[in-house]
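Note that the UniProt record's numbering gives residue 74 to position 74 of the sequence shown, counting from 1, and the numbers run on in steps of one. We treat Cβ as the ideally placed atom computed from N, Cα and C, and that holds for glycine. Here's the structure, in structure tokens; my notes come after.
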Amino acid sequence: MLEEEIVGFQNKDNGKYCALALLVRFNDDLCVSDLLENKDTENKFKHTLKLCGLPENTPPSSIKNYLNSIKGYFVKKVGDTYHFYHDFVMEVTTHVFGKYYPIETVKDADVGFLRRRLIKIGANTYQKTDDNSGGWTPLMLAAGTDLPAYNLGESDKSRRDETVETLGCGANWIEFKGHCYFYGKHQTVSWFDAKAECQNMFSHLVEIDDKAESDWLASTFLNPDGNYATCPSNIFGGCRAWTGLNDLNIEGQYVWDHSNTPMVFFTWYIFEPSLGDVRDCVDILRNGQWNDRPCSVLIPFICEKENTHIL
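In structure tokens, the structure reads:
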């Protein structure tokens, strides 16, 4: 049992447990070299060391060694940054850490996971706040521990909506029309590696049924600010992701990889597809249109799976 292994680290190998706790508190995005970068990260780092039972003068290099010792099952490394190997590992670790340190968990951990757990507790654990913000106050954390009021104010209405939509999908997944989507923005991989990454998460490369879905994927993952501010000027140069569409078997005959069904709907970018012999895989661009490119190109990807808990 994964939970038993993590509790075992807590009891017998607190270095590994502390490495996982830091991943929780740094929200599944831990760059060890940044732990002493500023006062906020340094304080969080030293406070976590104290909670885990490690000396506060433990150097970041030791944490790096602990993380490397549990790579391949508990954690993975992408560039200089460590992440949980799988959403399930993150959820179980957050649950274990949250039992003992609920305030730190609700403050720092993945909020999508916490919201899903709060909903499972039931609507009777929510109470209206006294102010006029229209917010709600969850009274319990994932582990069922009583907490000080944690207010979700007016600015968080969309987050409350996301909570319901995300239920059943998993941490870092977003629901749309009964399906769950994951954006592998931290990884730039070939089409084949992207396919394998999705399969490792019990999902598949995204299959796009209509323009509404294509536009939603672009606005949600590739151009969330709405003005391409974080994208390069060249539309082919960034803010794009692999889909499951390809013509690997027969040139020009595009099929969706997971379902092995032919392309019916399409929204190609101007002058695409190029139909070159080596341009067999299709990515979605920041404007929701598609482009074919060599499958060996290293870019992010989008995975899809069915939502197993439709409200």
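- Check the Cα spacing between Ser-274 and each of Asn-249, Asn-291, Thr-261: the tightest is with Asn-291.
- DSSP, reduced to helix, strand and coil, places Asp-283 within a strand of the structure shown.
- Using a Cβ distance threshold of 8 angstroms, His-258 and Glu-207 count as a contacting pair.
- In the DSSP annotation of this structure, the continuous segment of the beta strand (DSSP E) that includes Asp-292 starts and ends at 290–293.
- Listed in chain order, the non-local C-beta contacts of Asp-210 below 8 angstroms within the same chain comprise Phe-265, local neighbours out to five positions each way being set aside.
- DSSP places His-179 in the uninterrupted beta strand (DSSP E) bounded by 179–183.
- Around the beta-carbon of Ser-61, fewer than 16 other beta-carbon atoms lie within 10 Å, marking it exposed.
- With a cutoff of 8 angstroms on beta-carbon distance, Pro-300 and Thr-220 are scored as not near each other.
- Check the Cα spacing between Phe-9 and each of Phe-74, Gly-226, Glu-42, Arg-279: the tightest is with Phe-74.
- In the assembly as shown, Ile-250 is an exposed residue. Its beta-carbon has fewer than 16 other beta-carbons within 10 Å.
- Counting only residues of its own chain and dropping the five nearest sequence neighbours on each side, Glu-3 has a CB closer than 8 angstroms to the CB of Val-92, His-95, Val-96.
- Taking a contact to require three or more Cβ pairs closer than 8 angstroms, the segment 276–293 and the segment 217–232 qualify as touching.
- Residue environment analysis places Phe-84 among the buried positions, since at least 16 neighbouring C-beta atoms fall within 10 angstroms of its C-beta.
- If you look at Leu-22, you'll find it in the alpha helix (DSSP H) that goes 14–25.
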